[in-house]
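Residue numbers (full-length UniProt numbering), protein chains in the order written: chain V, 1 to 530; chain W, 1 to 530.
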């Protein structure tokens, strides 16, 4: 008999405060869909009314199973809840749940808000009542709860109790500045459960002491049944509690799974690594290879001593099985594990090669070789597909690019304005035919892409509907020199999408590789013959 | 009356197992010196005898105050300690302390080592005695201690007790697979202190559950007096306990500093941010901007609501003062921020504009305007500085780029190989002089950068030492079209570094803006006149 712990994701609200992170409307919809699919209970989409993008995001509920939550402030002092524009915006939002944030520290009420302690409580009560009356599930985020409790426990509890008595489904205790430590959190939460039952309590931790995950677990041990966090621990300053780590721990550590259950099932858990990486891809953030459970190095052993023990019996060094979260073991001295992984990965993208097929070994070698150069096939399925198919000699030589030239020129035009021109010329050989095309673009890659697809002779009709949909660049140190990795997502007239990769110190060269792969992939899928 | 907690750094031994990390001999000496200066008690330098570099490193003690520790295995079964080459290598090393690692889990002794439980204990005792007889301080790392204790507490304790009774100064309890959780660690350590006194115990945690720091703190609460970890949480898989975070917590959280003291004093603490960044620089690793206490974003607030509260009174949102560890507060310019933010941020980068100065309003407008186009000034202080100074008319027109042309060409060379060439031509006007330069590069941006800095007439000597150190690209939707944002980090001969930004749909154009800003910034800082 396990207790149900609810997961509340605030990647799109608190996570949006991260330095250098911006979510477009499309990004928000994609993330909400991913969270929904993962089995998250609540998706906090943002702060409708505070900015136009969030208001637009709340025009329509983007999740099927997960509850969609809107964040906002309790009513301003001196106004009624009915006359508060912030609350009005929240009620207009197509949200199942409304999350109010209120100060629960007397210091903050007096110094930051400059209102009386009583007015703050009234604000909490009337806001919660208003939202409840409008049929929403209501939550109160008690901001600065732990500092507030340490300074004035009665007032902090009064805030929590007021929300609970006003009908809030959840009262969330927030360690807003991330300065609390696990045993403090455990002890304080245990105290709070004497006023508000654990089944109504949530925890919202930050990582300023490196203890957000531990604080969240301590709170659950003391009775809370909702955990707030973000994917990959996104968030301002040091980030929010990492929900990915918490899902891994709660689902896989005996200590927890014997007593708690989540909305995430085993299959969804198997997608955890993918979700974590997809978010980093979307935000063009370098993934944390050391992330617990899902990092690409989370199960990588380098040391000879460890490696042989791991191969003898993985339980000797792995606290959980990597496959449970869709991750893989990396043992850098042997390719035993490598082959099984590869067969599975190839199967996934539609290439069948048996374990004993000699070509499998060559594919593995080629992959390792390319990865050492900086290629990453994770998220570049079409290039991975072509790599394998080329080794299987199943990719015809449709065309050869004999030469290309790309130039970007900035100069004064006839009107005396400084303008930038981008131009590309490409010479291809299709069968016996030599074709040369030129194109302009809003940038060098756009010009090259257009020129490359302008005239491919007899294949032209097959690539008419092809277009570049997304372009990502990562520059990193591949040894002593900087290496550029380009990922290109393409789409065609059927709506199909695929991603290809290119690597070079030269960004144009890297882009070129990815473009050629993209066209080749389309021709292979279209069944074109050479 | 505080209890002394000893810090044991294993960056150069366990940290060296990190994916993609290699320390040269010079690197090891530099890190050891940094740790010594920081006030660390023990520096574990490596595994002499296991590889030539470590053996060479132990030819001479590299620290003045910190104890220098050598790591190795207990004697092999069937040999005497006197005849064990591993122990011989350890005794040859110029180390103050010797750290033996031994299995303390019966499962590992039987399955991984394939020896009897008794033989393992003999190995521990005889190794510790041998090193003690040779005048060294001796430690035993009890590998897999927590899993071992959960499965067979008597045996795990027997290992610990054997080392203690043989004269070990420290018995270190290792959570080798990182699978233990804080309350388990706390409870088990408390039990162990009934066999080995806390003053003789150490903790060695890993971050596989995101709880290494919390586990270390829990162990200290239960009585251990040595913490093992690495700078920046380096280490294989998910890393070791982050000593930087632990130093911050133990020195700055009241909960700890009232009861514990370290070898690190307040001045040394003020160097913590620098040490953390210096290590990342050395290893060419992207720093974790979100790292607790020392990350460049650890005290960065974006939201308008938070920002105005922070400025009113930093204690409202900061759990500790950033300056204590040599870090700074950052109130990020965002389109939610207002004048108060701006005045503070400008002050931080050395620009003084009063709140009522009309130019401040123009700067704010320009920032918001540029941010709407896709510029982000967080992390691009030099461009932000120039933006303000331009409005204040304090940036002379040093040079004007009349024209540039960048081309990338891929074609067959004389040897029939397909190669890629990148070339740039830049025409600048410096005063009355028109200068035209050409350069090649490994990519278009490299070529443009080189050409731009090849001949700037009378300013040439001022920019001789200038070089491009890092280049980051982000492409995102700025409205309906893709926009490219480029961040360039430059350095000069004095070691100063600064970052500039450029935005355009054209990546070359965006890079160009950032390059021009970088040169201009250098000239302004050098006090050049037009």
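The C-beta atom is built at its ideal place from N, Cα and C for all residues, glycine as well.
| query | result |
| --- | --- |
| Listed from N- to C-terminal order along the chain, which residues in the region 36 to 64 of chain V have their beta-carbon within a distance smaller than 7 Å of any beta-carbon of chain W? | none |
| Would you report the Cα separation of residue 105(V) and residue 111(V), rounded to the nearest angstrom? | 10 Å |
| Just reading off the alpha helix (DSSP H) that residue 122(V) is part of, what are its end residues? | 117 to 133 |
| Which residues of the region 233 to 252 of chain V have a Cβ closer than 7 Å to any Cβ of chain W? Give them in chain order. | 236, 237, 238, 239, 242, 245, 249 |
| Out of curiosity, what's the CA-to-CA distance linking residue 58(V) and residue 143(V)? | 24 Å |
| Span of the alpha helix (DSSP H) holding residue 9(V)? | Taken as a continuous stretch (DSSP letters only), residue 9(V) belongs to no alpha helix (DSSP H), being part of the beta strand (DSSP E) at 6 to 9. |
| Per the contact definition of three or more C-beta pairs closer than 8 Å, is the region 134 to 151 of chain W in contact with the region 17 to 33 of chain W? | no |
| On the CB-based measure, 16 or more other CB atoms within 10 Å of its CB, does residue 265(W) come out buried or exposed? | exposed |
| Would you say residue 189(V) lies against chain W (beta-carbon separation less than 7 Å)? | no |
| Looking at residue 145(W): is its Cβ nearer than 7 Å to the Cβ of residue 181(W)? | no |
| Nearest by alpha-carbon distance to residue 269(V): which of 391(V), 413(V), 248(V) is it? | 248(V) |
| Taking the alpha carbon of residue 433(W) as the reference point, which residue from 456(W), 294(W), 258(W) has its own alpha carbon closest? | 456(W) |
| Going by DSSP, which residues form a beta bridge with residue 81(W)? | According to DSSP, residue 81(W) bridges with nothing at all. |
| If you draw a straight line from the C-alpha of residue 479(W) to the C-alpha of residue 188(V), how long is it? | Residue placement at residue 479(W) is flagged as unreliable, the pLDDT there being 41, under the threshold of 50; a coordinate-derived value is accordingly withheld. |
| Please report the residue range of the beta strand (DSSP E) in which residue 435(W) lies. | 433 to 441 |
| Give the interface partners of residue 154(V) over in chain W, defined as CB-CB distance under 7 Å, in chain order. | Neighbours of residue 154(V) on chain W: none; closest Cβ ~21 Å, over 7 Å. |
| Does the distance from the CB of residue 63(V) to the CB of residue 30(V) come in under 7 Å? | no |
| Have a look at residue 1(W) and residue 320(W) and give me their C-alpha separation to the nearest angstrom. | 23 Å |
| Which same chain residues, not among the five before or five after residue 387(W), have their C-beta less than 8 Å away from its C-beta? | 363, 366, 367, 370, 377 |
| How long is the line joining the alpha carbons of residue 447(W) and residue 407(W), rounded to whole angstroms? | 9 Å |
| Checking the sheet assignment: what are the DSSP bridge partners for residue 3(V)? | 260(V) |
| Work out the CA separation of residue 451(W) and residue 395(W) for me, nearest whole Å. | 23 Å |
| Let's test the definition: count the other Cβ atoms within 10 Å of the Cβ of residue 373(W) and tell me whether it reaches 16, buried, or not, exposed. | exposed |
| When you compare each of 488(W), 279(W), 159(W), 529(W) to residue 375(W) by their alpha carbons, which one comes out closest? | 488(W) |
| Classify residue 529(V): buried if its beta carbon has 16 or more other beta carbons within 10 angstroms, exposed otherwise. | exposed |
| Near residue 71(V), which residues of its chain fall below 6 Å by C-beta distance, leaving aside the five closest residues on each side in sequence? | 13, 44, 47, 99 |
| Got a sec: is the Cβ-Cβ distance from residue 280(W) to anything in chain V below 7 Å? | no |
| Have a look at residue 458(V) and residue 383(V) and give me their C-alpha separation to the nearest angstrom. | 23 Å |
| Can you list the residues of chain V that residue 297(W) reaches, using a CB-CB cut of under 7 Å? | 19, 237 |
| Pick out whichever of 418(V), 402(V), 449(V) has its Cα sitting closest to the Cα of residue 400(W). | 418(V) |
| Per the DSSP calculation, residue 48(V) is bridged to which residue(s)? | 51(V) |
| Could you work out which residue in 167(V), 526(V), 402(V), 158(V) is closest to residue 132(V) when comparing CA atoms only? | 167(V) |
| Who are the neighbours of residue 422(V) on chain W, taking C-beta pairs under 7 Å? | 506 |
| Just curious, the beta strand (DSSP E) that residue 142(V) is in, first and last residue? | 137 to 143 |
| Does the CB of residue 317(W) have a neighbour CB from chain V at under 7 Å? | yes |
| Quick check: the Cα distance between residue 484(W) and residue 291(W), rounded to an integer number of angstroms? | 27 Å |
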